[in-house]
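Quick notes on the structure that follows.
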Amino acid sequence: MVKVIIPTPLRRYTGNQEALELEGTTIGEVLAQLTQYGDLKKHLYTAEGTLRNFVNVYLNDEDIRHLQKDQTPVQPSDIVSIVPSIAGGR
Amino acid sequence: MLNPDLDSIQLLPEEYERYSRHLILPEVGLAGQKRLKAASVLCVGTGGLGSPLALYLAAAGIGRIGLVDFDVVDASNLQRQIIHGTSWIGKPKVASAQHRLLELNPFLQVDIHETALTSENALTIAQDYDLIIDGTDNFPTRYLVNDTCVLLGKPNVYGSIFRFEGQATVFNHQEGPCYRCLYPEPPPPGLVPSCAEGGVLGILPGVIGVIQATEAVKIILGDAPTLSGRLLLYDAWAMKFRELKLRKNPECPICGPNPTITALIDYQEFCGIPAQPEAPPTLQEGTVQELQQRLQQGNIVLIDVRNPHEYEIAHIPGSTLVPLGDIEQGLGIENVRELAQNGEVWVHCKSGMRSSKALQLLAEKGIQGTNVKGGILAWSDQIDPTVPRY
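Sequence lines, in order, name chains A and B.
The opening residue of the first sequence carries number 1 in this note's numbering; numbering runs sequentially from there.
The opening residue of the second sequence carries number 1 in this note's numbering; numbering runs sequentially from there.
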């Protein structure tokens, strides 16, 4: 099981859970399981299956775009973070 | 200026006293305090982030502070925008902030720009400052601030907030990444709620704004490690800080080796916001006066699409709560369909935005209705002042 940290804007899809425990040996396999949480996966991936440009996914503290993207292998002790763009300031 | 000729800068006797805790700190000292005095910082936005960060910059003795804001102080700002006071409600934020900063530290110069930052004025305003702090509240202005900083070669001290979560970093500093390296594109409009729609813990911008002020001061002092290349995440609810690595994108369209953006662009368009927000042609609207009349006649069904806790704060008597979130997820649509058997559907929210979105979704499923112009705020203003505004 890999821990996936869900950011505030997307927690309405996870029943307000701030983290999920998901199975998988690569980032792609882990995130594929997000389909069980309604539209959550659609917020991360386009219909063509590429990661959206305003959402970043990190394996521990490294952006998966700088690793092997969806093919990046994960270990059970790893933490995957979803970090969307936010703009509030007022 | 950064890295000034220190011999040319003198502190007044009163300044020695004022900054004594800095002067005895070896990492600042007299040289550091002179650097702060010689420096100029532009704060874009004097709201949630801009308030605390400008106060600390002024207290720290930054010689010249610029403030950009087009807005006026509103009562609902005071829960977090601590630079402004109750007596300034209705007056320009930049004037309020300037007054407060000079009260805190009269040895400063505070320049005000009472305007929105735009593609037309950004380069002119920003070029007179050593670094820029982004305390804005929307995607178009954040990309504008970023591009302005990259084109002018100035550091961009970034912070943003949402409900209980904050992000902070330093962009475009010492060959480091820029905002477009982190997020090449903004989300489509409407996907991420603003603080006005989603709410924000009042203390959160205090923490993030003060982190931005800290980074600005360290950039001016020169030697300290900054957040450049690191994205700091803060979750106020869980009280956790985390840090992620931030790398320069070799294909970045503005700070990469082969830039395709070489001048400021139309940021509204870039963020997918139409120049003339057009009301969907099918959207039928009604005033609160018409609503009152129809409610008295008893032949309509009034749907309130706000969130349950907003309904608790205030609601229009006779309305039924069906939150927009439920309508988006489908459940609420069937709920409305059932209610619609009892009369013509009228839909309202706080000010009219969410209800028009709800009506579009309902129309796609064959349910027609009327949008209440101005929402419950208009109802409170024009029909029943005992309904609290929030």
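A virtual CB, placed ideally from N, CA and C, is assigned to each residue, including glycine.
Residue environment, residue i, which counts as buried when at least 16 other CB atoms sit within 10 Å
i	result
Y58(A)	buried
Q293(B)	exposed
S438(B)	In this structure chain B extends from 1 to 390, so residue 438(B) is not present and cannot be described.
V12(B)	Per the sequence presented here, residue 12(B) reads as Leu, with Val not at that position. Exposed, since its Cβ has fewer than 16 Cβ neighbours within 10 Å.
R21(B)	exposed
A31(B)	exposed
K365(B)	exposed
Q33(B)	buried
E14(B)	exposed
W88(B)	buried
W237(B)	exposed
Q368(B)	exposed
N77(B)	buried
K37(B)	buried
L131(B)	buried
Y390(B)	exposed
T46(B)	buried
Below-8 Å beta-carbon distance, residue i vs any chain B residue
i	result
A47(A)	no
V83(A)	yes
E18(A)	yes
C-beta neighbour in chain A for residue i, strict 8 Å
i	result
R100(B)	no
L331(B)	no
E251(B)	no
Y183(B)	yes
D326(B)	no
G229(B)	no
Q79(B)	no
K365(B)	no
P177(B)	no
P187(B)	yes
P259(B)	no
V305(B)	no
V200(B)	yes
P205(B)	yes
Whole-Å CB distance - residue i paired with residue j, under 8 Å assumed
i	j	result
Q98(B)	L67(B)	6 Å
L231(B)	L244(B)	5 Å
F139(B)	T8(A)	Actually they do not touch by this definition, with Cβ atoms about 17 Å apart.
V207(B)	I133(B)	That belief does not hold up - the Cβ atoms of V207(B) and I133(B) are roughly 15 Å apart, past 8 Å.
L152(B)	L117(B)	Their Cβ separation, rounded to whole angstroms, is 13 Å, which puts L152(B) and L117(B) out of contact at 8 Å.
N342(B)	L359(B)	At roughly 18 Å, the Cβ-Cβ gap does not stay under 8 Å, so N342(B) and L359(B) are not in contact.
N172(B)	V150(B)	5 Å
Span separating the alpha-carbon of residue i from that of residue j
i	j	result
A39(B)	K248(B)	27 Å
G89(A)	Q79(B)	13 Å
P401(B)	P184(B)	Past the boundaries of the shown model lies residue 401(B); chain B is included only from 1 to 390, so the question cannot be answered.
T46(A)	D223(B)	43 Å
N56(A)	I82(A)	6 Å
P253(B)	A60(B)	36 Å
D137(B)	G28(A)	33 Å
L55(B)	D381(B)	35 Å
A14(A)	A32(A)	According to the sequence provided, residue 14(A) is Thr. The question's Ala does not apply to it. Using only the alpha carbons, I get a separation of about 15 Å.
K3(A)	G24(A)	11 Å
F241(B)	A168(B)	11 Å
E197(B)	P308(B)	13 Å
C255(B)	T226(B)	19 Å
L331(B)	E310(B)	20 Å
L361(B)	G298(B)	25 Å
L324(B)	S355(B)	8 Å
D111(B)	A95(B)	10 Å
Chain D residues whose Cβ lies nearer than 9 Å to that of residue i
i	result
V192(B)	No chain D appears in the structure shown, which is made up of the protein chains A and B.
Cβ-heavy atom distance, residue i to the ligand SAM, below 7 Å
i	result
A314(B)	For the ligand SAM, the structure offers nothing, since it holds no ligand at all.
Using a Cβ cut-off of 9 Å, which residues of the region 60 to 78 of chain A contact any Cβ in chain B, in chain order? Hits within the stretch, in order: N60, D61, E62, D63, R65, H66.
Below 7 Å between beta carbons is the criterion; list the residues of the region 25 to 37 of chain A that meet it against any residue of chain B, in chain order. Identification of residues in the region 25 to 37 of chain A having a C-beta nearer than 7 Å to some C-beta of chain B yields an empty set.
What residues in the region 132 to 147 of chain B have a beta carbon less than 7 Å from any beta carbon of chain A? Within the region 132 to 147 of chain B, contact with chain A at the beta-carbon level (separation under 7 Å) is assigned to G135, T136, D137, N138, F139, R142.
Residues of the region 146 to 171 of chain B with a CB closer than 9 Å to any CB of chain A: list them in chain order, please. Listed in sequence order: G159, S160, I161, F162, R163, F164, E165, G166, Q167.
If you measure beta-carbon to beta-carbon, which residues of the region 228 to 247 of chain B are closer than 9 Å to chain A? From the region 228 to 247 of chain B, only R230, L231, L233, D235, W237, A238, R242, E243, L244, K245, L246, R247 have a Cβ closer than 9 Å to chain A.
Please identify, using Cβ separations under 8 Å, the residues of the region 29 to 49 of chain B that lie next to chain A, in order along the chain. Listed by position, the residues of the region 29 to 49 of chain B near chain A (Cβ gap below 8 Å) are G45, G47, G48, L49.
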